[in-house]
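The block underneath contains the structure these notes are about, expressed in structure tokens.
There are 2 protein chains.
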Amino acid sequence: MHAVERGYPKGRIRREDILTAAVAVYGEAGYHGSSLREVAKRAGITHAGLLYYFPTKEALLAAVLERRDAEDAVREQLNAPPGREVLRHWIALAEYNVAHPGIVELYTRLAAEAVAPDHPAHDYFVRHYRIARRSAYESFRVLGDRGELRPGVDPRVAALNYMALSDGLQVQWLTSPDEVDLVGALRQYLDSVLVEPL
Amino acid sequence: MHAVERGYPKGRIRREDILTAAVAVYGEAGYHGSSLREVAKRAGITHAGLLYYFPTKEALLAAVLERRDAEDAVREQLNAPPGREVLRHWIALAEYNVAHPGIVELYTRLAAEAVAPDHPAHDYFVRHYRIARRSAYESFRVLGDRGELRPGVDPRVAALNYMALSDGLQVQWLTSPDEVDLVGALRQYLDSVLVEPL
DNA sequence: CCTACCGATCGGTAGG
DNA sequence: CCTACCGATCGGTAGG
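What follows is the structure, given as structure tokens:
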């Protein structure tokens, strides 16, 4: 049983190895384009062995997304309260992402697949985007209350647009890394919305 | 031979039916997730029959993208010279897209798959994005020369950002249509970049 | 354009 | 965790 397996160091390490392999494969081939055999091979076991740890292909995907959320939650705790500091944190995150294309590929590919309502990660992304927008909205709203947003800027729309801009830039950056300055473009967007540049 | 087939009305119509079916299926399942059998079924033939018109799966994809470019080229001819009129045309295009989710799904899914350099549509998207950015850049540059852009706005970055914003909004809109005002968000972006609102 | 077929690959199961 | 297997599905071909 997994509840038991989880408690033993060897099983935990194996699970982590499998998840790490899955992140890489999903990033390269998407979810539907990946096979359990490919993930298993990279983790050094057979695909039947993988199914001992994750009983179905969907269960593996769910575990990948769960782990990612857990990592994000840890980072959130280090977060500053809503305001300018949060925007600087976003830029730092973008810089981190540019140095880790694999994670960016995973999310870009999965998010596009998961627009289909019957995709196993669909509900995850509905929630993911909702939470991201709300969190960004709170920072922009605080800045607006302080008069730090340019007139005409709706904090709700600015929040949606920052998230969307970030996603869209990632697609073009992954497609043509040399032609797109991801971090610079995000900076200019924030500056175009703020009274005082970051 | 296709060069001949293309000349006969019946063959041309069949080809068009297959391409229309392919657009729908690619939008729902992506390219790698689609089967020739599914496309053929929707076109009312067998998958072997489809392969009589398009000899491989890749050839079908190439034809889908070719047709799309041909349609775009027709629209471009109706285009105004670079300037404010072009920005209004973009908004009109976004309104059209909101009424035709299938086309949006096709592009969103294919673009994400095609970030992989060995994807058969990779080169297409490299060119597609490059051309789109250049075209948008020319409009923003003209506006900048006329003093219609806010200070600090780089027309090159504004062009990149508009395209990226549009793509990113489409993902969130496809995921949660009721929670995202695609056209409104694009309008606010353009207004945030212009001295005088659109 | 179809019927009939091929080899390859897929997710999942049995049984140890 | 593995070996061995299952039924289903894939892109593509032969031959008409």
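Going line by line, the protein sequences match chains A and B. Under our numbering, the first residue of the first sequence is numbered 1, with each subsequent residue one higher. Under our numbering, the first residue of the second sequence is numbered 1001, with each subsequent residue one higher. Ideal Cβ positions, reconstructed from N, Cα and C, are used throughout, including at glycine. From a predicted model like this one, the values you see are computed outputs, not experimental measurements.
Exercise. Taking 7 Å as the line, does the beta carbon of ALA1048 of chain B fall inside it for any heavy atom of the ligand NAD?
Worked result: The ligand NAD is not part of this structure, which contains no ligands at all.
Problem set entry | Residues near ARG141 of chain A by beta carbon distance below 7 Å, same chain, minus five either side | Position 141 of the first sequence, counted from the first residue, corresponds to residue 141 of chain A. These residues qualify, in order along the chain: PRO155.
Problem set entry | Neighbour flag for ARG130 of chain A against chain B, beta carbons, 8 Å | As a working mapping, residue 130 of chain A is identified with position 130 in the first sequence. At least one chain B Cβ lies under 8 Å of ARG130 of chain A.
Exercise. For GLY184 of chain A and chain B, any beta-carbon pair shorter than 8 Å?
Worked result: In the first sequence, counting from the first residue as 1, residue 184 of chain A sits at position 184. For GLY184 of chain A, the answer is yes, since a Cβ of chain B falls inside 8 Å of its Cβ.
Problem set entry | Integer-rounded CB distance, given that THR1108 of chain B should sit under 8 Å from LEU1174 of chain B | As a first step, residue 1174 of chain B is located in the second sequence; it is residue number 174 there, counting from the start. As a first step, residue 1108 of chain B is located in the second sequence; it is residue number 108 there, counting from the start. The pair is a contact, with the Cβ atoms about 6 Å apart (cut-off 8 Å).
Exercise. Going by DSSP, which residues form a beta bridge with ASN194 of chain A?
Worked result: The residue given as residue 194 of chain A occupies position 194 in the first sequence. The amino acid at residue 194 of chain A is misidentified as Asn; the sequence shows Leu. Note: LEU194 of chain A sits in a beta bridge opposite A:LEU149.
Exercise. Are VAL86 of chain A and ALA94 of chain A touching if we call contact CB-CB under 8 Å?
Worked result: Numbered from 1 along the first sequence, position 86 holds the residue referred to as residue 86 of chain A. Numbered from 1 along the first sequence, position 94 holds the residue referred to as residue 94 of chain A. In this structure, ALA94 of chain A does not lie closer than 8 Å to VAL86 of chain A by Cβ.
Problem set entry | Cβ-based burial, GLY1168 of chain B [other Cβ within 10 Å; buried from 16] | As a working note, residue 1168 of chain B is residue 168 in the second sequence. Buried, since its Cβ has 16 or more Cβ neighbours within 10 Å.
Exercise. How is THR1046 of chain B classed by DSSP in three states: helix, strand or coil?
Worked result: Position 46 of the second sequence holds residue 1046 of chain B. Coil.
Exercise. Quick one, which residues of the segment 1068-1080 of chain B are near chain A if we go by CB-CB under 7 Å, in chain order?
Worked result: none
Exercise. When the Cα atoms are used, what is the spatial distance from GLU16 of chain A to ARG1187 of chain B?
Worked result: Locating residue 16 of chain A in the first sequence gives position 16, where the first residue counts as 1. Locating residue 1187 of chain B in the second sequence gives position 187, where the first residue counts as 1. Each residue's alpha carbon lies about 45 Å from the other.
Problem set entry | Neighbour flag for GLU28 of chain A against chain B, beta carbons, 8 Å | By 1-based counting over the first sequence, the position of residue 28 of chain A is 28. GLU28 of chain A counts as touching chain B.
Problem set entry | Cβ-based burial, LYS10 of chain A [other Cβ within 10 Å; buried from 16] | As a position in the first sequence, residue 10 of chain A is number 10, starting the count at 1. So LYS10 of chain A ends up on the exposed side.
Problem set entry | Cβ of PHE1032 of chain B within 8 Å of any chain A Cβ | Numbered from 1 along the second sequence, position 32 holds the residue referred to as residue 1032 of chain B. Position check: residue 1032 of chain B holds His in this sequence, whereas Phe was assumed. Yes, HIS1032 of chain B lies at the interface with chain A (some Cβ there is under 8 Å from its Cβ).
Problem set entry | Three-state secondary structure (DSSP) of PHE1054 of chain B | As a first step, residue 1054 of chain B must be located in the second sequence, where it is residue number 54. PHE1054 of chain B falls in the coil class under three-state DSSP.
Exercise. Since GLY1062 of chain B meets chain A, which of its residues come closer than 8 Å, beta carbon to beta carbon?
Worked result: The residue given as residue 1062 of chain B occupies position 62 in the second sequence. With the sequence shown as reference, residue 1062 of chain B is identified as Ala, and Gly is not the correct amino acid for it. Ordered by position in chain A, no residue passes the 8 Å Cβ test against ALA1062 of chain B, which lies about 18 Å from the chain.
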